[in-house]
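Comments concern the structure below.
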Amino acid sequence: MVLFNVSRVDTTPFDGQKPGTSGLRKKVKVFVQPHYLHNFVQATFNALTEEKVRGATLVVSGDGRYFSKEAIQIITKMSAANGVRRVWVGQNGLLSTPAVSAVIRERVGADGSKATGAFILTASHNPGGPDEDFGIKYNMENGGPAPEGITNKIYEFTTTIKEYLIAADLPDVDITTTGVTNFTGPEGPFDVEVFDSASDYIKLMKSIFDFESIKKLLSSPKFTFCYDALHGVAGAYAKSIFVDELGAQESSLLNCTPKEDFGGGHPDPNLTYAKELVARLGLGKSEPQDEPPEFGAAADGDADRNMILGKRFFVTPSDSVAIIAANAVDAIPYFSSGLKGVARSMPTSAALDVVAKHLNLKFFEVPTGWKFFGNLMDAGLCSVCGEESFGTGSDHIREKDGIWAVLAWLSILAYKNKDKLEDKLVTVEDIVRQHWATYGRHYYTRYDYENVDAGAAKELMAYLVKLQSSLSEVNEIINGVRSDVSKVSHADEFEYKDPVDGSISSHQGIRYLFEDGSRLIFRLSGTGSEGATIRLYIEQYEKDPAKIGRLSNEALAPLVEVALKLSKMEEFTGRSAPTVIT
Ligand code: G6P
Ligand code: ZN
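Shown next, in the form of C-alpha cells:
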C-alpha cells in the first residue's frame, strides 16, 4: 500500500476560466501554464462542495488529445488530496464522451461502487496537439454535463482561488494496463481503477439495438460501409463494434487509430473536414476510383458527433434526427413501446417538428447545447433529440452519441431492407427522399464565419438585435434585396424557459421567422477558443412534392442573399465568404 500526503499549494486566479457551451477549452499553451489546470480542477471541487467530493467515485478520461495523459495524473493527485475515494480511468486515458456518460450511469466497479461524476478531457471537434486545443468539462451523477448553476459557481471560484490541494507525492499511475492500484492517504484509502474503454459502452449498445439484424445487413454483398473516426477516440470503439460484433470488413474503417493530434487534422465530421470519407462516398470534387460505399459515417474527436452519408448523398443532421424519430419505434428495439417526446436545438431545422406533429409526440425547442436536453430526459419527457451541429442521441445517456447515431441509421437500413436483401437495396438516399415526400423538405444550410474579430462580431449581433425590433424596417430591407422572398412575420432573441426547473436562458440567438416557414438565425458560437465565430443558419420549408428535389444551394440562394444583406455581414466582418459551409 503506497502512502501519500496532502500538500496545499498557493495560487492566484487566471482570467477567463469560464466554461463555455461545453466546458473550458483553451490552447494547450494556456493549459500547460503552472497551476492553470489545477486552479480549474480545484474550483470544480469547491463548486461541488466537500460533501459531494469526499468519498466520490470519479471518472477521469477523454478523447486522448495531447496533454491528456499529464492532465489525468494531475487530476488523480488532486482527487486523492480532496478526499475522493476512487478514480476510474479508461485504458490509455481513452473514453468517448458518450462512453463516459454510459460509464457514470451503468458501470459497477470491481468493488461494487458506482461513479458520481466525471472530468472529461476533450475539446471535442477542435484540433489537438501542442499548438492546438485542450479542454476539460465536468459531468454529473446523471451522466450529463454540469448545469449552468454549477459551471457559474466553478467560474466564481476560479476568480477568487488562493490554494489547491494535491497529493504531490502520489506516484503516477500506469494507465496503459487495466487493474486497480490502492493508495492510502491521511484520511484513508484511495484507489485508481483502469478499465477497458469499450466494454461498458458496447454492452449498452447491445441492449438498445438489434445487433443480429444489423449484422445481416452488413453481411449482404449489396451493402457496403465505411466509418471514419478522424483519428479521434471513436477509433477505440469502431473495430470492436463494427468489425468484431457486426462483421464489417476491417477495410471499412478509416482513420480509426486514436492520435494525440488527430493526425494533424480537424476532427469535425462535416463535408469540409471529413475530406477522405467525403471523397470515398463520391461527394468530393472528383469521382472516386472505386464504387462508393452505400453508407458512410464519421465522428468527431470525442465521438459524440456524427455525420451520416449515403452513396453520393449527404444527410443533414436536422433531417437525420427527424428520420431517426420517424422510424425509431419500428427499427430500434429500445423504442419499441413508443417515444416519450422529441427535442431539437433552436437553430436545428424544423424537420423534427413536422414528424412530432404527425406522430403526435411531445416536442421541445431548446437553446444550443446538449445540456438542455438532459433535464427533459431526466423528467421522462424526451426520448430522441438532435442538433444541426452534427449531434444526435437519446435518453440512453445524457450526451449526444456519434456511434449510437450510426447504429440507429444501420438499424433503419436493416429494417427497410429486411425482406429485400436479395433485391435492390433501399438506400440512404431512398430513405431520405421518401421522408421528404411524406413530411416535406427543409432545405437547410449553415454559414460559419470563424475567428472573426470579437468586437466586430458583437457589433453585428447588437445591430441585429436592434433591427429585429422593427419588423417594418426588416421587411423593407428584404423587399429591396429580393422581392421574391416571403415576409418576416416574427423576430426575436431566443429565450428558453426550462419546463422542468423553470430556469431561464436568454440571448440564445436572433431569429427571423418568415411567413412561409423559412427561418434565418444568427448566433455566436460558444465553443471556439480564439476570436469569435458567427453562425448563420438558413432554412426553407417546401411541402410541394414537385419541388423537394432541388439542389439545396440553389433553393436557398435568395434567402442567403437576404441574410447577408440584412446582417451587413461583409461590412461588419470584412469577410466576403464564410470559412465553412455545412
Ligand atoms: C457542443 C455542444 C453541442 C452544441 C455545440 C454548439 O458541441 O456539445 O450541444 O450544439 O457545441 O457549438 P457552437 O460552436 O455553435 O456554440
Ligand atoms: Zn464532440
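Letter 203 of the sequence shown, counting from 1, is numbered 202 in the numbering used here, and no numbers are missing. For every residue, glycine included, the Cβ atom is placed at its ideal position computed from N, Cα and C. Quick caveat: nothing in here was measured; it's all calculated off a predicted structure.
Following the DSSP letters along the chain, one finds Phe571 in no beta strand (DSSP E) but inside the alpha helix (DSSP H) bounded by residues 568-572.
Counting only runs of 4 or more residues that sit fully inside the stretch 201-284, the alpha helix (DSSP H) segments are 210-218, 234-237, 274-279, in chain order. Remark: C-beta atoms of Phe3 and Gly184 approach each other more closely than 9 Å. Here Lys136 carries a strand assignment [DSSP, helix/strand/coil]. The closest heavy atom of the ligand G6P lies less than 8 Å from the beta carbon of Lys399. Bounds of any alpha helix (DSSP H) do not take in Val83, whose DSSP letter is neither H nor E.
Chain-ordered, the residues whose CB falls short of 5 Å from any heavy atom of the ligand G6P come out as Thr20, Ser21, Thr367, Gly368, Trp369, Glu386, Ser388, Ser524, Gly525, Thr526. Fewer than three Cβ pairs drawn from the stretch 113-133 and the stretch 309-324 lie within less than 8 Å of each other, which leaves the two stretches out of contact. Here DSSP, grouped into helix, strand and coil, assigns Leu550 to coil. Here DSSP, grouped into helix, strand and coil, assigns Phe362 to strand. Remark: C-beta atoms of Gly142 and Glu398 approach each other more closely than 9 Å.
Relative to the non-hydrogen atoms of the ligand ZN, the Cβ of Ser469 never comes closer than 8 Å to any of them.
Within the same chain, and ignoring the five residues on either side of Arg522 in sequence, the residues whose Cβ sits closer than 6 Å to its Cβ are Gly508, Arg534. By the criterion of at least three beta-carbon pairs nearer than 8 Å, the stretch 116-124 is in contact with the stretch 49-63.
A contact between stretches requires three or more CB pairs, one per stretch, nearer than 8 Å, and the stretch 162-177 fails this requirement with the stretch 207-225.
Excluding the 5 residues flanking it on each side, Ala490 has same chain C-beta neighbours closer than 6 Å at Gln467, Tyr511, in chain order. A direct Cα-Cα distance of roughly 12 Å separates Asp243 from Leu217.
When the Cα atoms are used, Lys457 and Lys76 turn out to be separated by approximately 41 Å.
Ranked by how close their Cα comes to the Cα of Ile323, the residues Gly281, Asp303, Gly392, Phe44 have Gly392 in first place.
Judged by their CB atoms, Ser502 and Gly148 are nearer to each other than the 9 Å cut-off.
CA-CA distance, Gly92 to Val427, rounds to 35 Å. For His441, the enclosing beta strand (DSSP E) has its first and last residue at 440-451. Note on Thr223: 16 or more other CB atoms within 10 angstroms of its CB, so buried under the neighbour-count rule. Within 10 angstroms of the beta-carbon of Asn45 lie 16 or more other beta-carbons, which makes it buried. For Ala302, the shortest C-beta to heavy atom distance toward the ligand ZN is below 8 Å. Assigned with DSSP and collapsed to three states, Asn374 falls in helix. Taken atom to atom, the span from the alpha-carbon of Val473 to that of Cys384 is near 32 Å. Taking a contact as a CB-CB distance under 8 Å, the pair Ser566 and Tyr443 does not count as one, their CB atoms being some 18 Å apart. Unbroken alpha helix (DSSP H) stretches of 4 residues or longer found wholly inside the stretch 141-206: 147-159, given in chain order. For Ser78, the secondary structure class from DSSP, reduced to helix, strand or coil, is helix. Within a 10 Å sphere around the beta-carbon of Pro366 sit 16 or more other beta-carbons, which makes this residue buried.
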